[in-house]
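Our numbering puts the first residue of the sequence shown at 704, with every later residue one more than the last. Backbone N, C-alpha and C define an ideal beta-carbon position, used for all residues, glycine too.
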Amino acid sequence: SIIDPLKGLQDLEKRILRVNAENSFLKDPLRMLRAFRLAAHLNLRIEENTLCLIKKNKNLLRQSAAERIRAEFFALLNEKQAASFLRSLFQVGILEVLFPEIQSWVDLPQGPHHDFYLLEHAFQTVAAAEFILAHLADIFPAQAQALRDNFAELIEEGITRQALFKFGAFFHDSGKAVTYSFSPEEKIPRFFDHDQKGKIINEQVCQRLKLSRQAAKLVTEMTGQHMRILGLAQLSQVTPRAKYRFFRDLGKGGIEVAILSLADKMAARRIKFQWPQPADTPDDLARVTKLVLELIHYYYVDFQPQKKRLFLDGEEIMATFGLSPGKKVGELLTRLREAENAGLIKSKEEAWDFLKTELSPEGSKIV
């Protein structure tokens, strides 16, 4: 028979996670964070006395090495229902110990385009991100497997793109607390350059967690670029050239930026996450959704398999137009690549015609 003095079998049957000893967290404070990671992974409920002990000892977590905290925290983020456990971490005070930045988010209003204060919006954005990840086959049927492979990729040991995506989703508006201002005339809050201020804040957060450069770059790009999609969505039409430039600038990270923008919009209002979106979906969300669908399609169908070699190279351009090596040739090659990837140039002859137009208003005079 099994010797079970702590009645662990009973707890297992009831799906309960319980600390074994009062001094357990004193011996290793990281166990407090691990409790939530295990609860998320094994679908357990943390027992009340254990939660009380975590609240009491939460500040001891500062004694743990950043590398150990990083490993447990990102393992938690990689779980399917991480959003609800982030809330639980906040309720016991752990989240503020790890990230003091969020203290100023709690009661920060965001204006008429948002139904939530900033902290709640952060939780909602992670929840929306998880909804999208769980419904890739419905939202992006043709690209679902490619997207699954993308999010499953390890950026560094123990940290997937999926976990970093959720981390970036939670922190994408971190700059709002330091850029808040109130417009008396319009009677609304303003957050000028919050994306760029947030990028700086999140660089510091990533350094504190000792994330690799590649991991930190993905998080900070999500922060610094998340408003870009919202701007594009205001246009009546987003051209292939604009889509090309988006992925030219962001590369593979454009996937996370695009899908974050969708999660961000979904999390702005008190609406039920669902797919297909209902007929009464807010217009701004509908526009962002349409654009994100187009961008993901463009990345996998048009951008990723693009030709490695242009119809013309720098040597040909210099020889034909009598140009010397330099910035001008590089600019022409950049424009040529943009035009080719936008589908405006489909042959070498069309490439020559394009360059003549670029070089001269009349198409014949080098300028």
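Tell me the residue span of the alpha helix (DSSP H) that contains residue i.
i	result
Y1003	Looking at the DSSP string, Y1003 is not in any alpha helix (DSSP H), and its letter there is neither H nor E.
E1018	1017 to 1024
D841	839 to 842
E1061	1051 to 1062
K730	727 to 730
T1037	1030 to 1044
L712	711 to 716
Can you tell me where the beta strand (DSSP E) holding residue i begins and where it ends?
i	result
P943	First-last for P943: 943 to 953, but that is the alpha helix (DSSP H), not the beta strand (DSSP E).
L745	Where L745 is concerned, there is no enclosing beta strand (DSSP E), although the alpha helix (DSSP H) it sits in stretches over 733 to 745.
In whole angstroms, what separates the C-alpha of residue i from that of residue j?
i	j	result
R737	I772	9 Å
D841	I835	9 Å
F739	N781	12 Å
R718	A743	11 Å
L1036	E1061	11 Å
Q917	G956	11 Å
S1050	I862	44 Å
M1021	E1052	16 Å
L850	L839	8 Å
I962	V995	7 Å
A847	R748	32 Å
S767	P732	7 Å
R790	Q940	39 Å
Going by DSSP in three states, residue i sits in which element: helix, strand or coil?
i	result
L965	helix
R931	helix
R748	strand
L764	helix
I719	strand
K976	As written in the sequence, residue 976 is Phe, which differs from the Lys given in the question. Coil, per DSSP.
D664	Residue 664 cannot be examined here, being either before or after the span of the chain that is shown, 704 to 1070.
With distances taken between CB atoms, is the gap from residue i to residue j smaller than 9 Å?
i	j	result
V922	L935	no
L764	L822	no
I1071	S964	The structure shown has nothing for residue 1071, since the chain only spans 704 to 1070.
L988	K968	yes
A1045	P943	yes
L1073	A785	Lying before the first or after the last residue shown, residue 1073 is absent from the chain, which here runs from 704 to 1070.
F868	A830	no
N760	R721	no
L1047	F1014	no
K902	T882	no
E1041	A1054	no
Spell out whether any CB of chain D is found under 9 Å from the CB atom of residue i.
i	result
S767	The displayed structure is made up of one protein chain only, and chain D is not part of it.
(message) Suppose only complete runs of 4+ residues qualify. What are the alpha helix (DSSP H) ranges in the segment 768 to 832, listed by chain order?
(response) Look at the segment 768 to 832 and you find these whole runs of alpha helix (DSSP H), each 4 residues long or longer: 769 to 780, 785 to 794, 797 to 801.
(message) To test your reading of the DSSP string, which unbroken beta strand (DSSP E) runs of 3 or more residues are found completely within the segment 850 to 927?
(response) Taking 3 residues as the shortest admissible run, the segment 850 to 927 contains the following complete beta strand (DSSP E) segments, listed from N- to C-terminal end: 857 to 859, 883 to 886, 891 to 894.
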